[in-house]
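In this note's numbering, the protein residues as written are 150 to 291.
Ideal Cβ placement from N, Cα and C applies to all residues, glycine included.
Since this is a predicted model, take the numbers as computed values, not measurements.
Heads up, the thing below is written out as structure tokens.
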Amino acid sequence: MGENTTFDDILTYFLASITDYSFLQMTEEDIETEITLLLRKSLANFFSKESMTYNETIGEFSRKLTDLELNIIINGMLFFYLDQRIYNISLIKQSLSTKDFAMYSQQQHLATLLRLKQETNREYHYLQNRYELQNFIEDGDI
């Protein structure tokens, strides 16, 4: 990474965290749009000790993010990414009978996604708590 963390850095880390072949069928512009939306959702839930802004126009943060900050943001993006997938499968389940839904084995897939979302949420909150504790210790408040 260069001086400041860029959108390409976020994109690289995020795509390395998932296996979703549907991205192969998307245009680069569509991928960027989806990742930007996930990034914005994640940033809205992250409170950084140091001032940190993201400029969508140039695709760059106002500073270089720490590895921990980057992990927190990526975990937030994963949480919202899984949330979208669960919501889509829930809509399919509503439109199919129980027998049809089970036949498509989507029910097991949905259960797995829900479990993964819970684990991601726990990891997301753990990283945020760790970040806050680290800042608390660095400030000499402990």
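Worksheet entry | residue 159 burial status per 10 Å Cβ neighbour count (16 or more: buried) | Residue 159 is buried by the Cβ-count criterion.
Discussion item. I'd like the list of long-range same chain contacts for residue 234, defined as Cβ closer than 6 Å, with 5 residues on each side in sequence excluded.
Written reply: Taking C-beta separations shorter than 6 Å and ignoring five residues to either side along the sequence, the partners of residue 234 in its chain run 262, following chain order.
Worksheet item: Under the rule that 16 or more other beta-carbon atoms within 10 Å means buried, what is residue 191, buried or exposed?
Response: Buried, because 16 or more other Cβ atoms sit within 10 Å of the Cβ of residue 191.
Discussion item. Suppose you measure from the CA of residue 276 to the CA of residue 194; what does that come to, to the nearest Å?
Written reply: The alpha-carbon atoms of residue 276 and residue 194 are separated by roughly 13 Å.
Worksheet item: Which residues in the same chain have their Cβ closer than 7 Å to the Cβ of residue 220, if we skip the five residues on either side of it in sequence?
Response: Contacts found: 276.
Discussion item. Classify residue 154: buried if its beta carbon has 16 or more other beta carbons within 10 angstroms, exposed otherwise.
Written reply: Looking at its Cβ environment, which holds 16 or more other Cβ atoms inside 10 Å, residue 154 is buried.
Worksheet item: Using the rule of at least 16 other Cβ atoms within 10 Å of the residue's Cβ for burial, across every protein chain shown, is residue 173 buried or exposed?
Response: Exposed, since its Cβ has fewer than 16 Cβ neighbours within 10 Å.
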